[in-house]
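Those letters in the sequence shown? Residues 1 to 282, per the numbering used here, in order.
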Amino acid sequence: MAHDRPADGPEETTWSEIRPFSEQAPRPVPPPAPRRTALQVENFSKAYDDTHAVTDLSFRAREGEILGLVGANGAGKTTTLRSIAGILPLKNGTVSVCGHDLVRDELKAKQQLAWIPDDPQPFDSLTVFEHLRFTAALYGVEGWEPRAESLLTTFELQEKRNALGGELSRGMRQKLAFCCAWLHKPGVVLMDEPLSGLDPRGIRSAKEAIRSLAREGSAVILSSHLLELIEELADELLIIHRGQKVFSGTMAEARTSLIGTADATLEDIFFKATESSAKTDG
Ligand code: ATP
């Protein structure tokens, strides 16, 4: 039934005048909240006797960001990650984790960190499940069991929940390291070749888990020689060569500034970023 329109009142919209959503002007989307810096590394240098492993390296990673760290063998990636993790003493430069200085506020900084080395060494005398209980106790995680169970299922470790650390294969040790790292929802996760021992299903779960960890707000520093992996997962790139930063930025910025074509691969970018120093290296 048609309604009478009041002579000088506001015009009524009829159903036929309402345009489908697809034709309506999009509502302005509020700009995303600026992401806070989760990891800040400033002027970091490290030498082993007379080998300069890393020289004056500065970079940052923001919450929810996956930072791909790439560099040739001996470029200084593991040295950088082990220093941020607090395994190597930090003597030159500063590292701040979620606002906590790694030297002055060590405990708070380390509470926000997780570290996944390429060949994790779990405790021989603890079972898989006991590793999770131990990690939860260490980081003060309340109500950790459901998350632990879901992690064991995701990483296909349920069958091995009662196996001792020393009874696990390398891939299983890596999966356990993933579970322990994920359990306490760290602000910053450091990963050194985290997929190298995993089977295809493990690789798929790990990739999905890395993405979901970043979605939950963690900054993930992912060091790998698998350039396709970095290309697939990383939001930002940090390329180091002989201990020095040669590029940092997004893939798009790398394509524009280093190659000049929009379809360049990370392999192209990597060789371009490291070629001038490689030439001077002789
Ligand atoms: P890769 O990709 O081969 O794992 P990387 O980028 O992780 O290499 P690092 O392991 O950080 O490189 O090594 C950086 C430099 O420091 C190399 O020249 C290496 O020989 C040297 N180095 C690393 N560890 C030690 C050590 N314990 N003692 C002496 N020199 C070391």
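A virtual CB, placed ideally from N, CA and C, is assigned to each residue, including glycine.
Environment of residue i [buried if 16+ CB atoms lie within 10 Å]
i: Gln121; result: exposed
i: Ala148; result: buried
i: Ser257; result: exposed
i: Ala33; result: exposed
i: Asp49; result: exposed
i: Ala53; result: buried
i: Thr261; result: exposed
i: Arg204; result: exposed
i: Thr274; result: buried
i: Ala252; result: exposed
i: Phe44; result: buried
i: Pro146; result: exposed
i: Pro30; result: exposed
i: Lys160; result: buried
i: Thr153; result: exposed
i: Ser150; result: exposed
i: Thr250; result: exposed
i: Ser83; result: buried
i: Thr135; result: buried
i: Pro117; result: buried
i: Asp263; result: exposed
Beta-carbon separation (whole angstroms), residue i vs residue j, contact threshold 8 Å
i: Leu195; j: Leu229; result: 7 Å
i: Leu67; j: Ile269; result: Rounded, the Cβ-Cβ distance is 15 Å, inconsistent with contact.
i: Leu71; j: Gly217; result: In the sequence on display, residue 71 carries Gly and not Leu. Their Cβ separation, rounded to whole angstroms, is 27 Å, which puts Gly71 and Gly217 out of contact at 8 Å.
i: Thr94; j: Leu88; result: The Cβ separation is near 15 Å, so there is no contact.
i: Leu132; j: Cys179; result: 6 Å
i: Arg104; j: Arg62; result: Wrong, their Cβ atoms sit about 22 Å apart, outside the cutoff.
i: Ala38; j: Ala219; result: 4 Å
i: Thr265; j: Glu232; result: About 12 Å separates the two Cβ atoms, so there is no contact after all.
Close-in-space but distant-in-sequence residues of the same chain around residue i (CB under 7 Å, 5 per side omitted)
i: Pro6; result: Caution applies to Pro6, whose pLDDT of 47 falls short of 50 and renders its modelled position unreliable; the model cannot decide the point.
i: Gly166; result: Asp124
i: Asp199; result: Gly171
i: Ser223; result: Leu69, Lys77, Leu81, Met191, Asp192 and Glu193
i: Glu267; result: Leu227
i: Ala254; result: Leu237, Phe247 and Ile269
i: Lys272; result: Leu258 and Ile259
i: Gly197; result: Arg170, Gly171 and Gln174
i: Ala209; result: Thr154, Phe178 and Trp182
i: Ala85; result: Leu113, Trp115 and Leu190
i: Leu168; result: Pro122, Lys160 and Leu176
i: Leu90; result: Ser83, Leu102 and Val103
Sequence-distant residues of its chain with Cβ nearer than 6 Å to residue i (five each side left out)
i: Asn162; result: Thr127
i: Ala114; result: Ala181, Pro186 and Val189
i: Leu157; result: Val128 and Lys175
i: His100; result: Lys108 and Ala109
i: Gln40; result: Arg60 and Ser96
i: Ala2; result: The pLDDT assigned to Ala2 is 43, lower than 50, so where the model puts this residue is not dependable, and the model offers no usable value.
i: Gly143; result: none
i: Asp235; result: Glu65 and Ile66
i: Asp56; result: Asn43 and Ser45
i: Cys98; result: Ala38, Gln112 and Gly187
Same chain, Cβ closer than 8 Å to residue i, neighbours up to 5 away in sequence not counted
i: Ala75; result: Ile240, His241, Arg242 and Gly243
i: Leu238; result: Phe59, Leu67, Gly68, Leu69, Val70, Lys245, Phe247 and Ser248
i: Arg201; result: Glu156
i: Arg215; result: Gly64
Residue i: CB within 8 Å of a non-hydrogen atom of the ligand GTP
i: Ile221; result: You won't find the ligand GTP in this model; what it holds is the ligand ATP.
**Report entry** Within the region 28-96, ranges of the beta strand (DSSP E) (whole runs, at least 3 residues)
**Finding:** 37-48, 51-62 and 66-70, all fully within the region 28-96.
Query - Length at least 3, wholly inside the region 185-239: the beta strand (DSSP E) runs in chain order - result: Fully enclosed beta strand (DSSP E) runs of 3 or longer: 188-192 and 219-223.
Query - For review: beta carbons within less than 6 Å of any heavy atom in the ligand ATP - result: Those residues, listed in chain order, are Tyr48, Thr51, Ala53, Gly71, Asn73, Gly74, Ala75, Gly76, Lys77, Thr78 and Thr79.
Report task. For the region 113-147, list the beta strand (DSSP E) runs that are entirely contained and at least 3 residues long, ordered along the chain. Result -> As far as the region 113-147 is concerned, its whole beta strand (DSSP E) runs of at least 3 residues are 113-116.
Requested in this report: Please go through the region 145-183 and give each complete alpha helix (DSSP H) segment of 4 or more residues, from N-terminal end onward.
Outcome: Segments of the alpha helix (DSSP H) lying fully in the region 145-183: 145-154 and 170-183.
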